[in-house]
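Enquirer: Dropping the structure in here first, questions after.
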Amino acid sequence: MGTLRDLQYALQQKIEELRQRDALIDELELELDQKDELIQNLQTELDKYRSVLQPTGQSVSEQPELAEQQRTKRQAISAEPTALDIKDISHVTLTCYSKNEKSQELIKAAILDNDFMKNLEMSQILEIVDCMYPVEYNQGSCIIKEGDIGSLVYVMEDGKVEVFKDDVKLCEMGPGKVFGELAILYNCTRTATVKALSHTRLWAVDRQCFQTIMMRTGLIKHAEYMHFLKSVPSFQHLQEDVLSKIADVLEEMHYDTGDYIIRQGASGDTFFIISKGKVMVTKQEAAGEELVVLSTLSRGDWFGEQALKG
Ligand code: CMP
1 MGTLRDLQYA
11 LQQKIEELRQ
21 RDALIDELEL
31 ELDQKDELIQ
41 NLQTELDKYR
51 SVLQPTGQSV
61 SEQPELAEQQ
71 RTKRQAISAE
81 PTALDIKDIS
91 HVTLTCYSKN
101 EKSQELIKAA
111 ILDNDFMKNL
121 EMSQILEIVD
131 CMYPVEYNQG
141 SCIIKEGDIG
151 SLVYVMEDGK
161 VEVFKDDVKL
171 CEMGPGKVFG
181 ELAILYNCTR
191 TATVKALSHT
201 RLWAVDRQCF
211 QTIMMRTGLI
221 KHAEYMHFLK
231 SVPSFQHLQE
241 DVLSKIADVL
251 EEMHYDTGDY
261 IIRQGASGDT
271 FFIISKGKVM
281 VTKQEAAGEE
291 LVVLSTLSRG
301 DWFGEQALKG
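Take 1 as the starting number for the sequence shown in UniProt numbering and just add one per residue.
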């Protein structure tokens with residue numbers, strides 16, 4: 001009897017062991033699926049980067065009259081604030097299209113999910129959301145043709161599309177995805193063909209509106225930086241064009257109280273000008289010794305200039 005009970009016990013243990021293994025296998029399979037999805041997404045992003053770096057430069061079949069505008073050279077995001085004056089575009093009124101909160105959130109989330117657009121400023125994203133208007137395509141329609149001049153960026157509200165490059169299917173996309181962004185952002189021709197797999201409802205924004213939003217924010221920022229630089233006594237003797245070049249490369253950085261901006265001994269590559277707040281400069285003569293406060297800096301003061309000398 002004792003042996004039978006032992007065997008039953010051992011069997012129970014084995015069953016429990018098997019159950020735990022099954023659970024582990026399920027967990028690992030789930031993890032594998034997630035990793036596969038991540039790899040797929042990264043592959044897509046990589047393909048997209050490759051597309052804008054090596055555009056195909058094919059014929060412009062949809063709008064042949066625009067052929068002479070075709071550019072294959074990759075450029076930085078196409079809204080450079082240099083040639084235009086803020087007065088030129090500050091008066092441009094952009095047309096807004098009303099949409100419900102769900103659609104607004106979908107567009108915003110789609111932009112934030114897109115590697116090429118997620119770094120736009122939130123104010124720019126919200127303006128794009130406002131300016132997008134609805135368009136629909138029937139199943140089988142060609143929404144974007146590879147090689148064409150592009151004029152619209154889309155966000156999918158509803159439906160499914162498939163993406164082809166050189167007649168090879170790359171992927172399918174569903175609601176909440178941005179597409180058609182590359183030709184507008186990089187001033188290149190359409191890098192792929194996009195076809196509607198089902199009736200598709202999209203939101204669209206045109207190139208001009210998109211660029212106005214980009215430029216306006218860029219110009220406003222540039223004007224703000226110029227104003228700030230001119231208010232800094234140490235920069236007041238600098239010429240307008242020099243200040244403008246500094247304003248072009250300024251980037252705003254934010255630090256919380258107590259954060260280290262520069263660490264003693266670390267190699268530096270950034271020159272800082274304080275626009276708001278106070279900064280404490282300390283030095284430690286030797287390891288284990290107390291920090292000595294050298295100075296306290298505030299608005300208009302700078303530090304990190306040694307980095308520029310290198
Ligand atoms: P654009 O080049 O303007 O027009 C075609 C669009 O297809 C492109 O922008 C991207 O939005 C999208 N696209 C291009 N390459 C890929 C890819 N490898 N995977 C998914 N989408 C892509």
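For glycine and all other residues, C-beta sits at the position ideal for the given N, C-alpha and C.
Between the Cα of ILE149 and those of ALA183, MET214 and GLU305, spot the shortest distance and give me the residue it belongs to.
Expert: The sequence position of residue 149 within the sequence shown is 149, counting from 1. Answer by Cα proximity: ALA183.
Enquirer: Can you check which of these residues, LEU170, GLU181, VAL168 and PHE164, is closest to MET156 by C-alpha distance?
Expert: Residue mapping note: residue 156 aligns to position 156 of the sequence shown, counting from 1. Nearest C-alpha to MET156: GLU181.
Enquirer: On the DSSP bridge assignment, give the partners of GLU136 in chain order.
Expert: One-based indexing of the sequence shown puts residue 136 at position 136. Bridge partners of GLU136: ARG201.
Enquirer: Distance check for GLN208 and LYS221, CA to CA, integer angstroms please.
Expert: Position 221 of the sequence shown, counted from the start, is the residue given in the question as residue 221. Position 208 of the sequence shown, counted from the start, is the residue given in the question as residue 208. Distance between the alpha carbons of LYS221 and GLN208 is about 20 Å.
Enquirer: What does the alpha-carbon distance come out to for the pair residue 311 and ASP115?
Expert: This structure gives no information on residue 311, because the portion of the chain shown stretches from 1 to 310.
Enquirer: What does DSSP give as the partner residues of THR193 in its beta bridges?
Expert: In the sequence shown, residue 193 corresponds to position 193, counting from 1. In the DSSP output, where bridge partners are listed per residue, THR193 has PHE164.
Enquirer: Closer than 7 Å to a non-hydrogen atom of ligand 1 - does that hold for the CB of LYS48?
Expert: Here residue 48 corresponds to residue number 48 of the sequence shown, with the count starting at 1. Annotation for LYS48 indicates a beta carbon within 7 Å of some heavy atom of ligand 1.
Enquirer: Specify, as a first and last residue, the run of the alpha helix (DSSP H) that CYS96 falls within.
Expert: To locate residue 96, count along the sequence shown from 1; it is residue 96. Neither: CYS96 is in no alpha helix (DSSP H) and is coded neither H nor E.
Enquirer: Taking GLN104 as the reference, which of LEU126, ASP269, SER51 and LYS195 has the closest Cα?
Expert: The sequence position of residue 104 within the sequence shown is 104, counting from 1. Ranking LEU126, ASP269, SER51 and LYS195 by Cα distance to GLN104 puts LEU126 first.
Enquirer: Name, in chain order, the residues that DSSP records as bridge partners for ILE273.
Expert: Position 273 of the sequence shown, counting from 1, holds the residue named residue 273. Per DSSP, TRP302.
Enquirer: My understanding is that THR212 touches VAL293, with C-beta atoms under 8 Å, so please give their C-beta distance in whole angstroms.
Expert: One-based indexing of the sequence shown puts residue 212 at position 212. One-based indexing of the sequence shown puts residue 293 at position 293. Their Cβ separation, rounded to whole angstroms, is 48 Å, which puts THR212 and VAL293 out of contact at 8 Å.
Enquirer: Distance check for GLN13 and PHE164, CA to CA, integer angstroms please.
Expert: Residue mapping note: residue 164 aligns to position 164 of the sequence shown, counting from 1. Residue mapping note: residue 13 aligns to position 13 of the sequence shown, counting from 1. Cα to Cα, the separation comes out at about 54 Å.
Enquirer: Measuring CA to CA, which of GLY265, ARG21, LYS276 and PHE272 is closest to THR282?
Expert: As a position in the sequence shown, residue 282 is number 282, starting the count at 1. Measuring from the Cα of THR282, the nearest candidate turns out to be GLY265.
Enquirer: Just to confirm before moving on: does the CB-CB distance between ILE143 and ALA196 stay below 8 Å?
Expert: Taking the sequence shown and counting its residues from 1, one reaches residue 143 at position 143. Taking the sequence shown and counting its residues from 1, one reaches residue 196 at position 196. The answer is yes: Cβ separation under 8 Å.
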